[in-house]
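Undergrad: The structure follows.
In the numbering used here, the protein residues as written are 36 to 405.
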């Protein structure tokens with residue numbers, strides 16, 4: 036059954052969607068709302084006239100009852116009735132200006148928004164009943180516009196990130212086919228490296244999508260966090276030394292048998308260590324600290340690199356947000372945040388331009404009993 040408050044013969048859903056047609060067009064939607072508005076206005080005017088007639092009749096009855104059927108009572112009715120009518124007209128005009136017109140504008144803006152115009156806005160004016168609705172509509176429209184912009188930016192960034200390795204792969208393959216160079220070990224290694232870059236980007240996007248959809252599955256198990264941190268640092272120590280970066284590790288007691296997903300936490304630590312090393316192109320010191328703080332596990336990665344500007348720090352976890360020294364896809368911090376939050380933890384970044392950056396991870400501790 037159609038809902039009674041939609042345009043005649045339609046419900047909200049059927050007005051928006053026809054199983055045998057495309058999305059409800061803006062013209063059809065506008066015409067339907069105009070018909071709906073005219074019917075509502077007509078009903079309101081009929082109701083108002085009936086109410087006004089009853090009000091005048093009631094006034095005449097009261098005047099007759101008080102003064103009796105005299106000339107004075109007739110004069111009272113003649114004088115009072117126009118005043119009542121004038122007051123009613125003023126109230127109606129005020130109602131229309133403060134309630135009906137804003138609602139009409141809101142319906143028109145809703146049609147524009149449904150047609151893909153995410154810049155549609157309404158004035159938050161009118162009666163106290165309409166203003167909260169208008170503000171809620173504007174908030175919804177702004178969020179939809181922002182989501183659409185982020186979607187467009189994501190597609191553009193993704194295309195840019197994939198274009199570079201694909202160009203290299205295509206160029207190398209064409210060169211081999213044209214006989215410019217032989218498919219030797221060096222060129223095949225280059226192809227494998229570029230394919231690995233694309234594979235890593237696609238896997239990052241998959242992880243990001245699962246995390247934002249709330250479908251990221253964790254596999255927690257008892258883990259020696261101290262050994263996990265040591266393994267990550269040792270894996271990247273050679274690259275850090277080549278870049279002139281010294282790594283210091285400070286591990287407290289009581290970090291064994293903490294229940295976490297070691298693969299996901301390792302991914303977070305790798306992202307943060309790599310970012311820290313890249314942030315020190317002229318060398319520096321990286322300090323990795325892990326310890327217990329009550330019922331929480333705290334891991335801190337501090338570098339003495341170039342730091343992050345305040346305006347960039349606010350968007351540090353945005354997708355494809357990269358610093359001047361970054362060579363990755365710009366998804367590392369976003370994925371790290373999502374993985375930490377999936378564990379029920381938090382991640383915070385503080386930085387001073389020219390003096391370095393500190394990243395602190397806090398995870399709830401779940402120990403193995405017995």
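From the three backbone atoms N, C-alpha and C, an ideal C-beta is built for every residue, glycine too.
Keep in mind it's a predicted model, so treat the numbers as computed, not measured.
What whole-angstrom Cβ distance do residue 295 and residue 255 have, given they're in contact under 8 Å?
TA: Contact holds; Cβ gap of about 6 Å.
Undergrad: Spatial neighbours of residue 324 within its chain, please: CB distance less than 6 Å, with the 5 preceding and 5 following residues excluded, ordered by chain position.
TA: So the list reads 285, 335, once near-sequence residues are dropped.
Undergrad: According to DSSP, is residue 379 helix, strand or coil?
TA: In this structure, residue 379 counts as coil in the three-state DSSP scheme.
Undergrad: Measuring only the C-alpha atoms, how far is residue 198 from residue 352?
TA: Taking the straight line joining both Cα atoms gives about 23 Å.
Undergrad: For residue 259, collect the residues of the same chain with a Cβ closer than 6 Å to its Cβ; drop the 5 residues on either side in sequence, then sort them by chain order.
TA: Once the five neighbours on either side are set aside, the close Cβ partners of residue 259 are 291.
Undergrad: Using alpha carbons as the reference points, say which of 287, 343, 344, 308 lies closest to residue 371.
TA: Among 287, 343, 344, 308, the Cα nearest to that of residue 371 belongs to 308.
Undergrad: Does the Cβ of residue 378 have 16 or more other Cβ atoms within 10 Å, making it buried, or fewer, making it exposed?
TA: It counts as buried.
Undergrad: In the DSSP output, what is residue 258 paired with across the bridge?
TA: DSSP lists 293 as partners of residue 258.
Undergrad: Could you have a look at residue 253 and say whether DSSP puts it in helix, strand or coil?
TA: Coil at residue 253, not helix or strand.
Undergrad: So which of 333, 188, 367, 342 has the shortest CA-CA distance to residue 398?
TA: Checked all of 333, 188, 367, 342; the closest Cα to residue 398 is 333.
Undergrad: State the start and end residues of the unbroken alpha helix (DSSP H) segment that holds residue 202.
TA: Element bounds for residue 202: 165 to 212.
Undergrad: Please tell me whether residue 340 and residue 279 are closer than 9 Å, where the distance is taken between their beta carbons.
TA: No. Outside cutoff.
Undergrad: Based on the DSSP output, what are the partners of residue 319 in its beta bridges?
TA: Partner(s): 280.
Undergrad: Alpha carbon to alpha carbon, what distance is there between residue 231 and residue 211?
TA: Rounded to the nearest angstrom, the two C-alpha atoms are 20 Å apart.
Undergrad: Roughly how many angstroms lie between the CA atoms of residue 275 and residue 282, to the nearest whole one?
TA: Taking the straight line joining both Cα atoms gives about 8 Å.
Undergrad: Between the alpha carbons of residue 137 and residue 251, how many angstroms are there, rounded?
TA: Cα to Cα, residue 137 sits roughly 44 Å from residue 251.
Undergrad: Looking at the strands, I want to know which residues DSSP matches up with residue 394.
TA: Residue 394 is bridged to 336, 384.
Undergrad: Which one of 153, 288, 273 has the shortest CA to CA distance from residue 183?
TA: For residue 183, the nearest C-alpha among the options comes from 153.
Undergrad: Could you have a look at residue 244 and say whether DSSP puts it in helix, strand or coil?
TA: Helix at residue 244.
Undergrad: Taking the alpha helix (DSSP H) that residue 139 falls in, what are its first and last residues?
TA: Here the alpha helix (DSSP H) through residue 139 covers 136 to 149.
Undergrad: Can you tell which of 267, 315, 317 has its C-alpha closest to the C-alpha of residue 299?
TA: Among 267, 315, 317, the Cα nearest to that of residue 299 belongs to 267.
Undergrad: Short check: CB of residue 328 to CB of residue 367, under 9 Å?
TA: No, the pair does not count as a contact, with Cβ atoms beyond the cut-off.
Undergrad: Skipping 5 residues on each side, what residues in its chain have a beta carbon closer than 6 Å to that of residue 242?
TA: Excluding sequence neighbours, residue 242 sits near 370.
Undergrad: Could you pull the DSSP bridge partners for residue 326 from this structure?
TA: Residue 326 pairs with 333.
Undergrad: Quick one: is residue 125 buried, meaning 16 or more other Cβ sit within 10 Å of its Cβ, or exposed?
TA: Counting Cβ neighbours within 10 Å, residue 125 comes out exposed, since fewer than 16 surround it.
Undergrad: Cα separation between residue 159 and residue 168?
TA: If you take the alpha carbons of residue 159 and residue 168, they lie about 8 Å apart.
Undergrad: Going along the chain, which residues of its own chain have a beta-carbon closer than 7 Å to the beta-carbon of residue 312, five neighbours each way excluded?
TA: 271, 274, 275, 278, 280, 321.
Undergrad: Comparing C-alpha positions only, which one of 204, 170, 246 sits nearest to residue 157?
TA: Comparing Cα-Cα distances from residue 157 to each of 204, 170, 246, the minimum goes to 170.
Undergrad: Which two residues bound the contiguous alpha helix (DSSP H) that contains residue 346?
TA: First-last of the alpha helix (DSSP H) with residue 346: 345 to 348.
Undergrad: For residue 229, which of 177, 244, 206 has the nearest alpha-carbon?
TA: That would be 206, whose Cα lies nearest to the Cα of residue 229.
Undergrad: In or out: residue 64 buried (at least 16 other Cβ within 10 Å) or exposed?
TA: With a pLDDT of 46 at residue 64, under the threshold of 50, the predicted position of this residue should be treated as unreliable, and no value is reported.
Undergrad: Tell me residue 218's beta-bridge partners as DSSP assigns them.
TA: According to DSSP, residue 218 bridges with nothing at all.
Undergrad: Report the residue from 186, 164, 315, 155 whose alpha carbon sits nearest the alpha carbon of residue 173.
TA: For the residues 186, 164, 315, 155, the minimum Cα distance to residue 173 belongs to 155.
Undergrad: Leaving out five residues on either side along the sequence, give the residues of the same chain with a beta carbon under 7 Å from the beta carbon of residue 389.
TA: For residue 389, where only same-chain residues beyond five positions count, the Cβ hits under 7 Å are 341, 342.
Undergrad: By the 10 Å Cβ neighbour count, where 16 or more other Cβ atoms means buried, how is residue 297 classified, buried or exposed?
TA: Per the 10 Å Cβ criterion, buried.
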